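Participant:
Protein chains in written order, with our numbering: chain A, 1 to 357; chain B, 1 to 214.
1. Here's the rule I'm using: 16 or more other beta-carbon atoms within 10 Å means buried, otherwise exposed. How should residue 75/B be labelled?
2. Can you tell me which of the three DSSP states residue 154/B falls into?
3. Would residue 305/A pass as a contact of residue 350/A if the rule is Cβ separation under 9 Å?
4. Which runs of the alpha helix (DSSP H) at least 4 residues long sit entirely within the stretch 93-163 of chain B? Give them in chain order.
5. Going by beta carbon distance, what residues of the same chain come within less than 7 Å of residue 73/A, once the five residues before and after it are set aside?
6. Quick one: measure Cβ to Cβ for residue 99/B and residue 79/B, integer angstroms, because I've assumed they're closer than 8 Å.
7. Measure from the C-beta of residue 326/A to each C-beta in chain B and report whether the shortest distance is under 9 Å.
8. Measuring straight from C-alpha to C-alpha, what distance separates residue 79/A and residue 69/A?
9. Does the CB of residue 250/B have a neighbour CB from chain A at under 9 Å?
10. Let me know the alpha helix (DSSP H) ranges lying completely inside the stretch 257-339 of chain A, each 4 residues or longer, listed in chain order.
11. Is the shortest distance between the beta-carbon of residue 260/A and the beta-carbons of chain C less than 9 Å?
12. Residue 77/B bridges to which residues according to DSSP?
13. Is the number of C-beta pairs between the stretch 232-242 of chain A and the stretch 86-96 of chain B that are closer than 8 Å three or more?
14. Is there a Cβ from chain B that is less than 9 Å from the Cβ of residue 285/A?
15. Do three or more CB pairs link the stretch 35-51 of chain A to the stretch 4-12 of chain A at distances below 8 Å?
16. Going by beta carbon distance, what residues of the same chain come within less than 7 Å of residue 1/B, once the five residues before and after it are set aside?
17. For chain A, check one thing: does any of its Cβ atoms lie closer than 9 Å to the Cβ of residue 134/B?
18. Suppose you measure from the CA of residue 35/B to the CA of residue 56/B; what does that come to, to the nearest Å?
19. Where does residue 343/A fall in DSSP's three states?
20. Cβ of residue 344/A less than 9 Å from any chain B Cβ?
21. For chain A, check one thing: does any of its Cβ atoms lie closer than 9 Å to the Cβ of residue 53/B?
22. Nearest CA to the CA of residue 300/A: which residue from 24/B, 127/B and 17/B?
23. Looking only at DSSP bridge pairs, what is residue 33/B linked to?
24. Quick check: is the beta carbon of residue 315/A nearer than 9 Å to any beta carbon in chain B?
25. Mark residue 237/A as exposed unless 16 or more other C-beta atoms lie within 10 angstroms of its C-beta, in which case mark it buried.
26. Step through the CB atoms of chain B and report whether any lies within less than 9 Å of the CB of residue 292/A.
27. If distances are taken between C-alpha atoms only, which option among 89/B, 85/B and 40/B comes closest to residue 71/B?
28. The alpha helix (DSSP H) that contains residue 181/B, what's its start and end?
29. Taking the alpha helix (DSSP H) that residue 63/A falls in, what are its first and last residues?
30. When you compare the CB of residue 356/A with every CB in chain B, is at least one pair closer than 9 Å?
31. Out of curiosity, what's the CA-to-CA distance linking residue 150/A and residue 176/A?
32. Could you check where the alpha helix (DSSP H) with residue 23/B kicks off and where it finishes?
33. For chain B, is any of its Cβ atoms less than 9 Å away from the one on residue 265/A?
34. Could you say if the stretch 81-101 of chain A and the stretch 47-54 of chain A meet the contact criterion of at least three C-beta pairs nearer than 8 Å?
35. Is residue 183/B close to chain A? Criterion is C-beta to C-beta, closer than 9 Å.
36. Report the CB separation of residue 344/A from residue 167/B in whole angstroms; it is logged as a contact under 8 Å.
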């Protein structure tokens, strides 16, 4: 993109320069000296080229067709051969400088072709000058040197501009990429934080209550809340682990916390592992985690994976009291997990079922 | 005489043999022989024992399924007693004709129950086995009724037949007959074995299951 911008700008400037030179500097000598008809054809060709380039620039087209260079060289030959006798590099030679500008105008983005064409143009003019003989070599040298050096100078400036523009564009792109990476990292961190806050459930209010001394740690209800929060936290830690069977991994994590509390937990697994989406897993494990948090004595956790459903159940000795918290899992639309809790013959059973089909 | 049950234990760990012997003795089951090689079930007093309690992992890497097959083909009543609880091996043992499959995590009650049931030629379905059956996704699995599936699952989950009975509002014996019907359905599929044939024949005779259910 940077290249195109530089060339387009340069061409626009050159267009103005060429137009001015052709109208103001070259028309008077062309009219004022006895040129052959070839000179007028050359003038016409060059005007045509000017028109085409102006059309391209006007249409915001970045590149012009390279065959315009050939047209310009043809005009150079016609103009040189149409000169009055022994007029090369004299005031009557209207075309020498103008052709150089034209070559620059149409070939500015092709430096090698441009220099070659310019060389050919100079060589032909010099050859014509030598062929005519008896011209002033000093004057010719000055004209050639001043004309071409100016044009080559413009070419060099264009290349320098081009290089700087490329460097600037590269730096800007790198800067943009860095900004994007930074924004992405920030977003990810926010998502993670929001996700954790959403799933921390009972923990944050509990910590606040403890800090405010609104609850007493010697109170049994508080200790129940603590164990619920501990299981929730442990499950949350396990949630993002990369393991072959994430559901079993999370269940094991919850079982581990309960066992630390002195509950004897047995875990039975049936059926092979199948992929379970994270939200579903969360809802499958949550009832079990809550039940384990309040369990005492013995508990049995089971996972059953059949062809059509996944069932996670915990059966434990029915507790005397169940903490009143039934905080719905924050964030996220309801998924197809049904939870059922029932108490029979001194046992409480909580089961979460998810239909895979 | 009908109550007197004899058993032989094949296990490569002396402590397991001693433990099983103790459990069985408290429930009036006589352990007539034990050893670390299936040979004890073929020779001496072990050859006539009513029930063979067989450990599937006798030191080697591969499970002793060939020993199980030979015993079953000879009409012996085998209770498999194994460390492993993966469904595939459990179902394979049933297919071969074992009357029960117990994991070593399951306690004395289940072992004694399984041995006593096996002595009468009956199946015994402990919770882990129920789980394996409930999670069976093989194409050859028999069709179970919704109620049978529910009994199987809840028994696996709760390990308490009282709980299952109360929850499903059925009697304890109905829970047992559901489990038995399931096992008969399993016995009726796959390869033939004397124990499996006997299970099916007896179930039909007792009216537990009709020919149409199979």
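Backbone N, C-alpha and C define an ideal beta-carbon position, used for all residues, glycine too. Since we're looking at a predicted model, the values are computed, not measured.
Facilitator: Concretely, from the data shown:
1. exposed
2. helix
3. no
4. 108-119, 127-134 and 146-158
5. 117, 120 and 121
6. 6 Å
7. Low local confidence applies: a pLDDT of 49 at residue 326/A is under 50, so the model's placement there is unreliable, and no value is given.
8. 15 Å
9. Here chain B covers residues 1 to 214 and nothing more, so residue 250/B does not appear.
10. 278-294
11. Checking the listed chains, one finds no chain C in this structure; the protein chains it contains are A and B.
12. 51/B
13. no
14. no
15. no
16. Below a pLDDT of 50, predicted positions are generally treated as unreliable, and residue 1/B, at 44, falls in that range; no measurement from the model is reported.
17. yes
18. 13 Å
19. strand
20. yes
21. no
22. 127/B
23. 8/B
24. yes
25. exposed
26. no
27. 40/B
28. 172-187
29. Premise fails: residue 63/A is in no alpha helix (DSSP H) and is neither H nor E.
30. no
31. 39 Å
32. 14-26
33. no
34. no
35. no
36. 5 Å
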